[in-house]
Every structure is written in structure tokens, then in C-alpha cells.
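Enquirer: Shown below is the structure under consideration.
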Amino acid sequence: MWQIVQDYLKRIPEYGWGKVGFELLLIGLVLYVVWRFLRGTRGLRLMRGLIVILVSLFLVLDVLAAHFHLDRINVLFSPMVYLIFFGSLVVFQPELRRALMRLGEATWLRRFISDTQQTTAPIVSAVRSLSMNKIGALIAIERQVELGSIVENGVRMDAVITPELLRTIFWPGTALHDLGVVIQEGRIAAAACQFPLTDSDQVDPTLGSRHRAAVGLSEDCDAVVIVVSEETGNISMAVQGKLYRGLTPEALDRDLKRLLEIGGKRE
Numbered sequence: 001m002w003q004i005v006q007d008y009l010k011r012i013p014e015y016g017w018g019k020v021g022f023e024l025l026l027i028g029l030v031l032y033v034v035w036r037f038l039r040g041t042r043g044l045r046l047m048r049g050l051i052v053i054l055v056s057l058f059l060v061l062d063v064l065a066a067h068f069h070l071d072r073i074n075v076l077f078s079p080m081v082y083l084i085f086f087g088s089l090v091v092f093q094p095e096l097r098r099a100l101m102r103l104g105e106a107t108w109l110r111r112f113i114s115d116t117q118q119t120t121a122p123i124v125s126a127v128r129s130l131s132m133n134k135i136g137a138l139i140a141i142e143r144q145v146e147l148g149s150i151v152e153n154g155v156r157m158d159a160v161i162t163p164e165l166l167r168t169i170f171w172p173g174t175a176l177h178d179l180g181v182v183i184q185e186g187r188i189a190a191a192a193c194q195f196p197l198t199d200s201d202q203v204d205p206t207l208g209s210r211h212r213a214a215v216g217l218s219e220d221c222d223a224v225v226i227v228v229s230e231e232t233g234n235i236s237m238a239v240q241g242k243l244y245r246g247l248t249p250e251a252l253d254r255d256l257k258r259l260l261e262i263g264g265k266r267e
């Protein structure tokens, strides 16, 4: 590998500085996109460890072996690189799955979303009441990526969204209040749904499992997830792995209308 690098450096004048600069810029862009995608996740820590292993292998098995003519050790370098590559496919399986889900969110795959006002108004009304009474809540609103697997692990309802029903679901002591509600196509699809917890180290460690579940689900898909804290009554919203805290009902209503529009994003 070191010989390949040396040969490439010698041929730079032949390739032309413009072409070399473009190639380096492209490589840097790819690395930046990977870093942005993995930032704040378990994958970034694993990537750092993988880089350390690859650099160590390069120094020991390639540079030193080639310098001291340790041919038997040098032969191991290529198989070890392939082994690490295939091993990384297993280690980074959650991140790869998340990337494929994000690719599935292309605008040409976006489907029609039911009347935004009919969906958001009862949700915001319920969240306002839950917040005032400090009743914990966790509500995921499906967008383009289907939440079928999440719905399957809960209690199916297929009910019209009303503030009264949402308040009843999350009322302490009811059988469905502990986990999350999933909204699909303008209806309450299921309650008591288990959401995946995030491993991100960027989430405030003082936050509870509801907030970690909200961020975890929003990392895996494009759902908008609303959280009401039972300790403080604060309203939060998770979108694409980011948690927006301290929202007012008015701000939540505005953000939901924007996010549930086709192609909508939070400003």
C-alpha cells in the first residue's frame, strides 16, 4: 500500500493538479458526509476505533514488513483489510439500515399526507392539556417511512384522533400510558408501542426514557416524535435525530404544519 501511495505521488505531475485537487475534494466530501451522518452516534466511536486498527495494521503489516522484508507478515495485510471490511458491515448494520431508510425518503417517493390541520389540531390540543397537567406522553407521527414494525409491537386502535382519546391513553394508571402512540394517515394506528432508544451521547443524560425513545425513533426514520415530560410538563419534539426542547403549544403547532407538508422541514 505504501508503494501505491509513493507511485501516486510521483505521477501527480502526469495527472495534472486540477484532476488531483478534484479527487481530493471528492474524497473529503465523502468523509464529511460520513462524519455528519455518524456524528453523535455509536457509529462515530466505532469508526474511530476502526481507523486506529487500520492505521496500526498499515504500520505493522505493510510499512515495517516491507521495510524489513518480512514477506510472510506482508501477505497477511490484504486478507486482514478484507476481513475488517466485511466485519464493519456487521458492526455498522444499524447505521447502514438508517442510511437506506434516509435514501427511501427521496421526494419522488413521498406519498400524499392527509389533511394537516385535521391531524395537528387535536394533537396540539391534547399536548397542551397533558403539558399543563404534567402527564407524560410520547407520540410519533408517520411521514414517508412507514412505521409498520413499530405498530405491530403495540396495541392496534385505528381510531380517529381526538384530544380526549389521547389524554385518556396517556392518563396515569391506564394500561396504555407507558409507551408511545403512532399516528398514521391522520388516525391513531396503535398505542403502547415500544420505540428504539438512542445510543447518541449528544442527548442530555438527565432526560428520561421517553426522550431517548423519541430521538431513537427519529434517527431510524423520518417520523416526527412529540414528547411531554411528566416531571416538568415541557414539550419537546424529535426530528431526524435532533431533539428540540422547550416548545410552546403554538410553536409545536407551527412546526407540525410545516413538517407534515410534503417535503416540509423544520426551520
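So the sequence shown is numbered by the numbering used here: it starts at 1 and just counts up by one. Beta carbons are placed, not taken as given, at the ideal position from N, Cα and C, and that holds for glycine.
(1) ALA190 lies in the beta strand (DSSP E); which residues open and close that run?
(2) Find out if the Cβ-Cβ distance for the pair ARG128, ILE161 is shorter than 8 angstroms.
(3) Tell me whether PRO13 sits in a helix, a strand or coil according to DSSP, three-state version.
(4) Can you grab the Cα-Cα spacing for the pair ASP220 / SER200, in whole Å?
(5) What are the residues that DSSP puts in a beta bridge with ALA238?
(6) Going by the DSSP bridge assignment, what does GLN184 pair with across the sheet?
(7) Between the alpha carbons of ASP158 and GLN184, how many angstroms are there, rounded?
(8) With respect to the beta strand (DSSP E) encompassing ALA159, which residues constitute its N-terminal and C-terminal limits?
(9) State yes or no: is the C-beta of ALA140 within less than 8 angstroms of the C-beta of ALA223?
(10) So what does DSSP say about ILE141, is it helix, strand or coil?
(11) Alpha helix (DSSP H) containing ILE135: first to last residue?
(12) Tell whether a beta-carbon distance below 8 angstroms holds between LEU268 and ARG156.
(13) Using a Cβ-Cβ cut-off of 7 angstroms (strictly less than) and excluding sequence neighbours within five positions of SER114, which residues of its own chain qualify?
(14) Going by beta-carbon coordinates alone, are ALA175 and LEU197 separated by less than 8 angstroms?
(15) How many angstroms separate the CA atom of TYR82 from the CA atom of THR248?
(16) Which of the three DSSP states, helix, strand or coil, is assigned to HIS69?
(17) Write down the C-beta distance between GLY154 and ALA191 rounded to the nearest angstrom, noting that I regard them as a contact closer than 8 angstroms.
(18) VAL145 to LEU260, Cα distance in whole Å?
(19) Cα-Cα, which of THR119, GLN240 and PHE58 is closest to PRO79?
(20) Taking only the alpha-carbon atoms, compute the straight-line gap between GLN202 and GLY241 and give it to the nearest angstrom.
(21) For a test of the three-state rule: what should DSSP assign to ILE217, helix, strand or coil?
(22) Run through DSSP, which three-state label would VAL203 get?
(23) Taking 7 angstroms as the limit between beta carbons, can you name the residues of its chain near GLY216, skipping five residues before and five after?
(24) Helix, strand or coil for GLU146 per DSSP?
Expert: With the given structure in hand:
(1) As a working mapping, residue 190 is identified with position 190 in the sequence shown. First-last of the beta strand (DSSP E) with ALA190: 187 to 193.
(2) Within the sequence shown, numbered from 1, the residue matching residue 128 stands at position 128. Within the sequence shown, numbered from 1, the residue matching residue 161 stands at position 161. No, the pair does not count as a contact, with Cβ atoms beyond the cut-off.
(3) As a working mapping, residue 13 is identified with position 13 in the sequence shown. Assignment of PRO13 by DSSP, reduced to helix, strand and coil, places it in the helix class.
(4) In the sequence shown, counting from the first residue as 1, residue 220 sits at position 220. In the sequence shown, counting from the first residue as 1, residue 200 sits at position 200. About 12 angstroms.
(5) Residue numbering aside, residue 238 sits at position 238 when the sequence shown is read from its first letter. Listed as beta-bridge partners of ALA238 by DSSP are VAL225 and LEU243.
(6) Along the sequence shown, read from residue 1 onward, the residue named residue 184 stands at position 184. GLN184 is bridged to ARG187.
(7) Start at 1 with the first residue of the sequence shown, and residue 158 comes out as number 158. Start at 1 with the first residue of the sequence shown, and residue 184 comes out as number 184. Each residue's alpha carbon lies about 9 angstroms from the other.
(8) Stepping through the sequence shown from its first residue, residue 159 is reached at position 159. Per DSSP, ALA159 belongs to the beta strand (DSSP E) from 155 to 160.
(9) Residue numbering aside, residue 140 sits at position 140 when the sequence shown is read from its first letter. Residue numbering aside, residue 223 sits at position 223 when the sequence shown is read from its first letter. Yes, these two residues count as a Cβ contact at 8 angstroms.
(10) On the sequence shown, position 141 is the one that residue 141 refers to. When DSSP states are grouped into helix, strand and coil, ILE141 belongs to the strand group.
(11) Here residue 135 refers to the residue found at position 135 of the sequence shown. Looking at the DSSP string, ILE135 is not in any alpha helix (DSSP H), and its letter there is neither H nor E.
(12) Examination of residue 268 is not possible in this model, given that the chain is present from 1 through 267 alone.
(13) Here residue 114 corresponds to residue number 114 of the sequence shown, with the count starting at 1. Reliability fails at SER114, whose pLDDT of 47 lies under 50, so the model's placement of it is uncertain and no value is given.
(14) Position 175 of the sequence shown, counted from the start, is the residue given in the question as residue 175. Position 197 of the sequence shown, counted from the start, is the residue given in the question as residue 197. No; because the gap between Cβ atoms is not below 8 angstroms, this pair is not in contact.
(15) Position 82 of the sequence shown holds residue 82. Position 248 of the sequence shown holds residue 248. Going from the Cα of TYR82 to the Cα of THR248 covers about 52 angstroms.
(16) Along the sequence shown, read from residue 1 onward, the residue named residue 69 stands at position 69. Here DSSP, grouped into helix, strand and coil, assigns HIS69 to coil.
(17) What you label residue 154 is simply residue 154 of the sequence shown in a count that begins at 1. What you label residue 191 is simply residue 191 of the sequence shown in a count that begins at 1. Yes, GLY154 and ALA191 are in contact; Cβ-Cβ is about 6 angstroms, under 8 angstroms.
(18) Numbered from its first residue, the sequence shown carries residue 145 at position 145. Numbered from its first residue, the sequence shown carries residue 260 at position 260. About 13 angstroms.
(19) For this step, residue 79 is matched to residue 79 along the sequence shown. Sorting THR119, GLN240 and PHE58 by C-alpha distance to the C-alpha of PRO79 places PHE58 at the top.
(20) As a first step, residue 202 must be located in the sequence shown, where it is residue number 202. As a first step, residue 241 must be located in the sequence shown, where it is residue number 241. If I take the Cα positions, the gap works out to 10 angstroms.
(21) Counted from its first residue, the sequence shown places residue 217 at position 217. The amino acid at residue 217 is misidentified as Ile; the sequence shows Leu. In this structure, LEU217 counts as helix in the three-state DSSP scheme.
(22) Residue numbering aside, residue 203 sits at position 203 when the sequence shown is read from its first letter. The DSSP-derived three-state label of VAL203 is coil.
(23) Within the sequence shown, the letter at position 216 stands for residue 216. Once the five neighbours on either side are set aside, the close Cβ partners of GLY216 are PHE195, PRO196, LEU197 and THR198.
(24) Locating residue 146 in the sequence shown gives position 146, counting from the first residue. Here GLU146 carries a coil assignment [DSSP, helix/strand/coil].
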